[in-house]
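Working notes, structure below.
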Amino acid sequence: MKHQTKVFFTGIIIFLVGIQNLTSQEENLIDAEYIKTVVLKSATSNSFAPIFRVGEAFSLSFDDIEADEKDYYYEIVHVDYNWQKSSIADNEYLVGFSKDRIRNYENSFNTLQFFTHYQVSFPNEKTQIIQSGNYILKVLNDYDEVVLIRRFVLVNPKAEVGVTVQRTRSIDQINTHQNVQFVVNYQNFNINNPSEEIKIAILQNNNWANAKTNLKPQYIRANQLVYKYDKETNFLAGNEYLNFDTKIIRNTSLNIRNVYLGDDIFYTHLFVDEERSSKPYTYYPDVNGNFVIRNLEGENASLDADYSWVHFYLKPTNLSQNKEVFVYGGFNNWQFSDVNKMKYNATTGLYELPILLKQGFYNYRYATIDSDKKINEVEIDGSFFQTENEYSVIVYWSKIGGRFDEVIGYGTVISDMLKQ
0 MKHQTKVFFT
10 GIIIFLVGIQ
20 NLTSQEENLI
30 DAEYIKTVVL
40 KSATSNSFAP
50 IFRVGEAFSL
60 SFDDIEADEK
70 DYYYEIVHVD
80 YNWQKSSIAD
90 NEYLVGFSKD
100 RIRNYENSFN
110 TLQFFTHYQV
120 SFPNEKTQII
130 QSGNYILKVL
140 NDYDEVVLIR
150 RFVLVNPKAE
160 VGVTVQRTRS
170 IDQINTHQNV
180 QFVVNYQNFN
190 INNPSEEIKI
200 AILQNNNWAN
210 AKTNLKPQYI
220 RANQLVYKYD
230 KETNFLAGNE
240 YLNFDTKIIR
250 NTSLNIRNVY
260 LGDDIFYTHL
270 FVDEERSSKP
280 YTYYPDVNGN
290 FVIRNLEGEN
300 ASLDADYSWV
310 HFYLKPTNLS
320 QNKEVFVYGG
330 FNNWQFSDVN
340 KMKYNATTGL
350 YELPILLKQG
360 FYNYRYATID
370 SDKKINEVEI
380 DGSFFQTENE
390 YSVIVYWSKI
400 GGRFDEVIGY
410 GTVISDMLKQ
């Protein structure tokens, strides 16, 4: 008999429903517990960044592991630079409807874990977004309850953005940080007051949690803005992401200790990870925290890639037990909740956690949260200036007298091969 996981939740949905009006900058990005494998991506490139040109095709997909073919609806909300709901009407940023039912869904095929796979593409016959800017994409159920939220950005390129990354010159951060510098070149339109009209966001690995914002240009030249800060644009470099691959779900592979079938679902046990903060930096390729769904034994990974309970293990050495420990990455939208919080096992002396994940290649890291709710993403894995990261610079234009924030430029850079 195939295995169907039923997940019930209470507190999380109350919190989700409470943020539908998006009055807070910190809208909740934690998915309902039965929603898995959320992917928001371009249809025309391999980029993981949810940053697209106006008119570019992109899609949202997700699985419902309750597998009962629910009706879901998407809703697109235009927001400002600070991710608060903007004041413009729907017909000013899109043609058609901001909300509609997701019509494309199919049940899983030949999997032990039942699920219903949903997918919606943009632009579509009901919704065409015509304005650049920041957007919130929500998915709601029949009761108008939010089950997932994702951010995305649409760019109308009017400016060119040249980005560089280097080892910081700040002596106290020289071994742990990277410095991002960039210039914005614009032609054929006039910016009257660049210091007030131009806004910037710098992202590391497409993660908004540690974005650098509210930066003013240091130098204003003819049709050029220069940002060459020393400390203000420094980022903790972190460490390369750990990884595992379940593309053949029955097999062990690099970083997978053993796999077995029990209770009609697979259990994947990873090797024990150790704290890396006191170890030398070692390079190995990753996908900067993201994940790729794949099944080498199937034809359509969206439908025939199965789920398994992936067990994570961390051996603490210098870690205080007064802190909470989390596993995080793109697979859970870089969020911290009970779903990805580890538990200390006094018998084994390890932090342990099972997470239900679809077959594929995954990146992950560890983070701690102390009693003051302060997140530390480098205490366990360390931070090394040599780490390969992707940086993105988004340029916003808030015209004097304007009613919304346009996105007029976007540039990226990879911090590979930084010199000693």
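Each residue of the sequence shown is one higher than the last, beginning at 0 in numbering that gives the first Met the number 0.
Yeah, the Cβ is synthetic: ideal placement off N, Cα and C, and Gly gets one too.
The structure presented is a predicted model; accordingly, all values stated were derived computationally and were not measured.
Query, Result
"Within 8 Å, strictly: CB atoms of valine 154 and isoleucine 129", "no"
"Tyrosine 228 (DSSP reduced to helix, strand or coil)", "coil"
"Status (buried if at least 16 other CB within 10 Å, exposed otherwise) for leucine 136", "buried"
"Residue from Asn375, Lys373, Phe403, Val179 with nearest C-alpha to serine 414", "Val179"
"Segment contact flag, the stretch 279-291 with the stretch 80-100, C-beta cutoff 8 Å, min 3 pairs", "no"
"Residues of its chain near lysine 125, where Cβ-Cβ distance is below 6 Å and the 5 sequence neighbours each way are ignored", "Gly95, Phe96, Asp99"
"Counted within 10 angstroms of its Cβ, other Cβ atoms place phenylalanine 342 as buried (16 or more) or exposed", "Looking at the sequence shown, residue 342 is not phenylalanine but lysine. Exposed, by the Cβ-count rule."
"Sufficient close CB pairs (3 or more, under 8 Å) joining the stretch 256-263 to the stretch 207-215", "no"
"Selected residue, minimal CA-CA separation from leucine 235, among Asn331, Tyr33, Asn388", "Asn388"
"Local conformation of serine 301 per DSSP, three classes", "helix"
"Tyrosine 92, enclosing alpha helix (DSSP H) - first and last residue", "89-92"
"Beta-bridge partners of isoleucine 407, as assigned by DSSP", "In the DSSP output, where bridge partners are listed per residue, isoleucine 407 has none listed."
"Alpha-carbon to alpha-carbon, serine 301 and arginine 364", "25 Å"
"One or two residues paired with serine 422 in a DSSP bridge", "Since the first residue of the chain shown is 0 and the last is 419, residue 422 is not available in this structure."
"Within-8 Å CB hit, tyrosine 395 to chain B", "You won't find chain B in this structure, because it holds only one protein chain."
"Contacts around valine 162, its chain only, beta-carbon distance under 7 Å, and the 5 residues preceding and following it disregarded", "Val179, Phe181, Tyr390, Val392, Gly410, Thr411, Val412"
"The stretch 30-42 in contact with the stretch 55-64 per 3-pair CB rule at 8 Å", "yes"
"Beta-carbon contacts of aspartate 119 that lie in its chain and below 7 Å, excluding the five residues immediately before and after", "Sequence inspection shows valine at residue 119; the aspartate mentioned does not correspond to that position. Once the five neighbours on either side are set aside, the close Cβ partners of valine 119 are Ser58, Leu59, Tyr73, Ile101, Asn103."
"Contact between the stretch 368-375 and the stretch 268-282 (3+ Cβ pairs under 8 Å)", "no"
"The stretch 326-339 in contact with the stretch 292-299 per 3-pair CB rule at 8 Å", "no"
"Residues near glutamine 223 in its chain [Cβ-Cβ closer than 8 Å; skip 5 each side]", "Val182, Val183, Asn184, Tyr185"
"Validate contact between the stretch 214-228 and the stretch 342-351 using beta carbons, cut 8 Å, 3 pairs", "no"
"Cutoff 7 Å; reference asparagine 191; Cβ partners in own chain excluding five residues on either side", "Ile399"
"From Leu356, Phe108, Asn81, Trp82, residue whose alpha carbon lies closest to that of lysine 246", "Leu356"
"Limits of the alpha helix (DSSP H) - the one that serine 194 falls within", "193-196"
"Sequence-distant residues of its chain with Cβ nearer than 8 Å to proline 156 (five each side left out)", "Arg52, Ile407, Gly408, Tyr409"
"For glutamate 274 and tyrosine 113, the rounded distance between their alpha carbons", "Strictly speaking, residue 113 in this sequence is phenylalanine, with tyrosine absent from that position. Roughly 36 Å between the two C-alpha positions."
"Own chain, CB closer than 6 Å to aspartate 369, minus 5 neighbours either side, in chain order", "Lys322"
"Three-state secondary structure assigned by DSSP to leucine 15", "For leucine 15, the pLDDT reaches just 33, beneath the cut-off of 50, and the residue's location in the model is therefore unreliable, although a value from the coordinates is still provided. Helix."
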